[in-house]
Amino acid sequence: MPFPKTILMIEDDAPTREVVRMACVGQNLNLIEAETGEKGMELIEKSEPDLVILDLNLPGVSGMDV
Numbered sequence: 005m006p007f008p009k010t011i012l013m014i015e016d017d018a019p020t021r022e023v024v025r026m027a028c029v030g031q032n033l034n035l036i037e038a039e040t041g042e043k044g045m046e047l048i049e050k051s052e053p054d055l056v057i058l059d060l061n062l063p064g065v066s067g068m069d070v
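At position 64 of the sequence shown (counting the first as 1) the number is 68 in the numbering used here, and the numbers step up by one without a gap.
Here you go:
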């Protein structure tokens with residue numbers, strides 16, 4: 005089986021994160037989560053994800069700024 009793809013989800017809404025988390029189960033995906041734009045930017049550099057799911061309306065550093 006090929007290596008799992010890494011997805012970074014930057015989302016402050018817990019129910020939305022749960023829906024995406026459930027959708028990734030059993031899909032050979034490595035899901036990383038951040039609740040803030042600041043943490044998301046750290047994880048982008050640290051984990052080099054294959055895909056970023058980004059909420060544009062984040063508190064603090066907005067999704068547009070990320």
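All C-beta atoms in this analysis are idealised placements derived from N, C-alpha and C, irrespective of residue type, glycine included.
Consult DSSP for M13 and reduce its assignment to one of helix, strand or coil.
-> The three-state secondary structure of M13, taken from DSSP, is strand.
Secondary structure, alpha helix (DSSP H): runs of 4+ residues fully inside the stretch 33-67 | Every unbroken stretch of the alpha helix (DSSP H) spanning 4 or more residues and falling wholly within the stretch 33-67 is given here in chain order: 41-51.
Since P19 is in the alpha helix (DSSP H), which residue starts that stretch and which ends it?
-> 18-28
How long is the line joining the alpha carbons of M68 and E52, rounded to whole angstroms?
-> One Cα belongs to M68, the other to E52, and the distance between them is close to 19 Å.
Just the Cα atoms here: how many angstroms apart are S66 and F7?
-> 31 Å
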